[in-house]
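Notes follow the structure.
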Amino acid sequence: DRGYDVKDTNLEGKYKDWQKKLHPDLVHSKSEKERDFAAGQSALVIEAYRTLSKPLPRALYLLQLEGIHVDEEKTINDPELLMEMMEIREAVSEAGDSETLKKIQSQVLLYIITQCHYHLSGSIIG
């Protein structure tokens, strides 16, 4: 099931469990081959956790699984999106204090998460 939402609320707990099993200190008495394997698996667990625990990397990963490549360097030609970005930049530049900046950040993050959820849960990933 490839949905955008992380249904397991214990992602961090599972990450820590795997890291405990694969930690170099716990496999130091094993053979070199087993230590190398554990180190490689530990790196994969770290990367998986970083990808799944954050909205944007999770969305990009799901798109990649569906064969959709997102070029982050590509120029944006959507006038509505460009206008939204300009409005956000203006709000940030006019923000008088850190509380206002935090509110803007929260609003933008919520918007991004909502858009990712809408586009990835419905039509593409289902």
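So the sequence shown is numbered by the working numbering: it starts at 1163 and just counts up by one. Glycine included, C-beta positions come from ideal geometry on N, C-alpha and C. This structure is a prediction, so every number in the text was calculated from the model and none was measured.
Query                                                                                                        : Result
Same chain only: Cβ atoms within 8 Å of I1266, ignoring 5 sequence neighbours per side                       : I1250, A1253, V1254, A1257
Pairwise C-alpha distance: S1204 and K1264                                                                   : 34 Å
Burial state of L1362 (16 or more Cβ within 10 Å)                                                            : Absent from the model: residue 1362. The displayed extent of the chain is 1163 to 1288, so no value can be given.
Cβ neighbour criterion (16 or more within 10 Å) applied to R1212                                             : exposed
Any chain B beta carbon closer than 7 Å to Y1177                                                             : Although the question refers to chain B, the structure presented lacks it and comprises just one protein chain.
Outcome for L1271 when other beta-carbon atoms lying within 10 angstroms are tallied against a minimum of 16 : exposed
Assigned secondary structure, H1279 (DSSP; H/G/I helix, E/B strand, else coil)                               : helix
Pairwise C-alpha distance: K1178 and H1281                                                                   : 30 Å
A1221 versus C1278 - alpha carbon distance                                                                   : 6 Å
Proximal residues to R1197 (C-beta, below 6 Å), its chain only, five neighbours per side dropped             : V1189
The alpha helix (DSSP H) enclosing V1207, as first and last residue numbers                                  : 1194-1215
Beta-carbon proximity list for E1209, same chain, < 7 Å, skipping 5 on both sides                            : none
Alpha-carbon spacing of K1192 relative to Q1226, whole angstroms                                             : 36 Å
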